[in-house]
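*Asks:* Dropping a structure here in structure tokens format, bear with me for questions.
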Amino acid sequence: MSTTEIHHICGLKRENFQTTVNGKNTDLFILKNSHGSEVAVTNYGGALVAIMVPDRDGNFANVIQGHDNIQDVINSPEPFLSTLIGRYGNRIKEGRFQLNGKEYNLAINNGPNALHGGPTGFHARVWDANQVSDHAVVLKYVSSYLEEGYTGELIVWVAYSLTEDDELVIKYQATTNKKTIINLTHHGFFSLAGIANPTPTIDNLECEINADFYLPIDENSIPTGEILKVAGTPFDFRTPKAVGKDIDADDEQIRNGAGYDHCFVLNKKEEGELSFAARVVEPVSGRTMEVYTTEPGVQVYSDNWADGYKGQNGATFPRRSAICFECQHFPDSPNRPYFPSVVLNPGETYTQKTIYKFGTK
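Using the numbering used here, you'd call the opening residue of the sequence shown number 3 and step up by one each time.
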């Protein structure tokens, strides 16, 4: 092991992430800035396996859930654990949609629905990786025609970079040779207290979400089609409140999601602008995270199904020990023509930019 390896504060070893999957090599890439913060990512599914940032006293901890070796990443009890998601983030009702008058059928992997691009979506693919600097890596994947049932060959680039301001910037770009649908996101499971055994609950996390409206869901977690005001509901995070305050409220929407698992309609002055989406403050450590995105929505997921499974470096992940801010277009958009369009045509370029900015209070 090289001497530089030993100095990664995340404690992850590159050789533990090196294997071959379907003829493609997996690896670990470490991004750093001059303050000592680190982001560790593997090109298997674009999984983030460490984000090392300081608390208010300068103590570094890993604030994202992941695994410490490639086999555990591949076989994780949570297949979408802090991975890239595609071709279509979130749910499509009954795995069916129409495009140009033709019906397409996707794999059903979430009750009666298609979820997160299917069982062999972008989270389960080896991406070509190029670490362009100490603080940036670019991933590329070519999704073949009819892969997971989606039409068109899609060429996707995702760039991760860590700035001097402790911002993790994720930039996406994609093109297609045939009309298709696309909804990319990243499914980071954030634990701002720092992962541990057990990782603390998110109940006391103070959360603010820049959304006046949200999308209610049915008992199968598919949007009903309504766009409702958050005012007077457990979904009102316009002023900061503890995540746990209303997470078990006697509310049909909370029951349908087993907690929070809903898409918030972000307040935007204009479509596609990079703007503030959400902010969380962890009161004990003082760590903060702000989310900015060009996307129209953010799926907020309160980790309602974890069961205490094992993660990196001996950490365990109990129920509600993480929060996810999946910046994206709306669920089931192909079947809701009045939702923002998820259609990508040949000659067009899909772009998205999302920033997770870490700090302290």
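Ideal placement from N, C-alpha and C gives every residue a C-beta, glycine not left out.
Rank C12, W129, Y303 and G120 by C-alpha distance to the C-alpha of A63 and give the top, closest one.
*Replies:* For A63, the nearest C-alpha among the options comes from C12.
*Asks:* If you run the structure through DSSP and keep just helix, strand and coil, what is R321?
*Replies:* The answer is coil: DSSP assigns R321 none of H, G, I, E or B.
*Asks:* In the DSSP assignment, find the beta strand (DSSP E) that holds Q100 and state where it starts and stops.
*Replies:* Per DSSP, Q100 belongs to the beta strand (DSSP E) from R98 to L101.
*Asks:* Report buried or exposed for H137, applying the criterion of at least 16 other Cβ atoms within 10 angstroms of its Cβ.
*Replies:* Buried: at least 16 other Cβ atoms inside 10 Å.
*Asks:* Which residue marks the beginning of the beta strand (DSSP E) containing E210, and which one marks its end?
*Replies:* E208 to I211 is the span of the beta strand (DSSP E), which, as asked, contains E210.
*Asks:* With H, G and I counted as helix, E and B as strand and the rest as coil, what does DSSP make of A176?
*Replies:* Reduced to three states, the DSSP call for A176 is strand.
*Asks:* Helix, strand or coil for F124, going by three-state DSSP, please let me know.
*Replies:* Reduced to three states, the DSSP call for F124 is helix.
*Asks:* Residues in the same chain with beta-carbon distance under 6 Å from W159, minus the five sequence neighbours each way, listed in chain order, please.
*Replies:* The residues are K142 and Q175.
*Asks:* Which ranges does the beta strand (DSSP E) cover as unbroken runs of at least 3 residues, wholly within the stretch 278-342, from first to last along the chain?
*Replies:* Listed in chain order, the complete beta strand (DSSP E) runs (minimum 3 residues) inside the stretch 278-342 are 289-295, 299-303 and 326-330.
*Asks:* Tell me where the beta strand (DSSP E) around I256 begins and ends.
*Replies:* Per DSSP, I256 belongs to no beta strand (DSSP E); it is in the alpha helix (DSSP H), E254 to G259.
*Asks:* To the nearest angstrom, report how far apart D130 and A251 are at their CA atoms.
*Replies:* Each residue's Cα considered, the two are about 44 Å apart.
*Asks:* If you run the structure through DSSP and keep just helix, strand and coil, what is F19?
*Replies:* Of the three classes helix, strand and coil, the one that applies to F19 here is helix, per DSSP.
*Asks:* Can you give me the Cβ contacts of N185 inside the same chain, cut-off strictly under 6 Å, excluding the 5 residues immediately before and after it?
*Replies:* Result list for N185: Y90, G91, Q330, H331 and V344, in chain order.
*Asks:* On a CA-only basis, which of L217, T296 and L30 is nearest G225? Give me that one, please.
*Replies:* Here the sequence assigns Pro to residue 225, which means Gly is not the residue at that position. Comparing Cα positions, the closest option is L217.
*Asks:* To the nearest angstrom, how far is the alpha carbon of W307 from that of R322?
*Replies:* Distance between the alpha carbons of W307 and R322: 8 Å.
*Asks:* Could you name the residues that DSSP lists as bridge partners for R93?
*Replies:* For R93, which the question treats as bridged, DSSP gives the partners L117.
*Asks:* Taking all protein chains shown into account, do 16 or more other C-beta atoms lie within 10 angstroms of the C-beta of T351, making it buried, or fewer, making it exposed?
*Replies:* Exposed, by the Cβ-count rule.
*Asks:* Let me know the secondary structure DSSP gives V267 once reduced to three states.
*Replies:* Looking at V267 - three-state DSSP - the assignment turns out to be strand.
*Asks:* Where does the unbroken alpha helix (DSSP H) through D74 begin, and where does it stop?
*Replies:* I72 to I76 is the span of the alpha helix (DSSP H), which, as asked, contains D74.
*Asks:* If you draw a straight line from the C-alpha of S36 to the C-alpha of Q354, how long is it?
*Replies:* Near 27 Å, if we compare the C-alpha coordinates of Q354 and S36.
*Asks:* When the Cβ atoms of the stretch 37-50 are set against those of the stretch 66-81, are three or more pairs found closer than 8 Å?
*Replies:* Cβ pair count under 8 Å is three or more, so yes.
*Asks:* Just how far apart, CA to CA, sit V293 and I197?
*Replies:* Going by the C-alpha atoms only, they are around 20 Å apart.
*Asks:* Quick one, which of D59, A116 and F360 has its alpha-carbon nearest N222's?
*Replies:* For N222, the nearest C-alpha among the options comes from A116.
*Asks:* Could you name the residues that DSSP lists as bridge partners for A161?
*Replies:* DSSP output for A161 lists V140 and K173 as bridge partner(s).
*Asks:* For the beta strand (DSSP E) holding D250, just list the boundary residues, first then last.
*Replies:* First-last for D250: undefined, no H or E at that position.
*Asks:* Out of A42, H189 and T85, point me to the one whose CA is closest to R16's CA.
*Replies:* Here the closest residue by C-alpha is A42.
*Asks:* Tell me the DSSP secondary structure of G151 in three-state form.
*Replies:* Helix.
*Asks:* Please classify P114: is it buried, with 16 or more other beta-carbons within 10 angstroms of its beta-carbon, or exposed?
*Replies:* Result: exposed.
*Asks:* Locate the beta strand (DSSP E) running through D130, then write down its first and last residues.
*Replies:* Segment D130 to S135, the beta strand (DSSP E) holding D130.
*Asks:* Taking the straight line between their C-alpha atoms, what separation do you get for N1 and D248?
*Replies:* Residue 1 is absent from the structure shown; the chain starts at 3 and stops at 363.
*Asks:* With DSSP as the reference, identify every bridge partner of E40, one or two as the case may be.
*Replies:* DSSP lists K34 and M54 as partners of E40.
*Asks:* Would you list the residues sitting across from G361 in a DSSP beta bridge?
*Replies:* Note: G361 sits in a beta bridge opposite T290.
*Asks:* Is the beta carbon of V171 sitting closer than 7 Å to the one on I357?
*Replies:* Their beta carbons are under 7 Å apart, which means V171 touches I357 by this criterion.
*Asks:* Using three-state DSSP, classify V344 as helix, strand or coil.
*Replies:* Coil.
*Asks:* Taking the alpha-carbon positions, what's the I32 to E254 distance?
*Replies:* One C-alpha to the other measures close to 43 Å.
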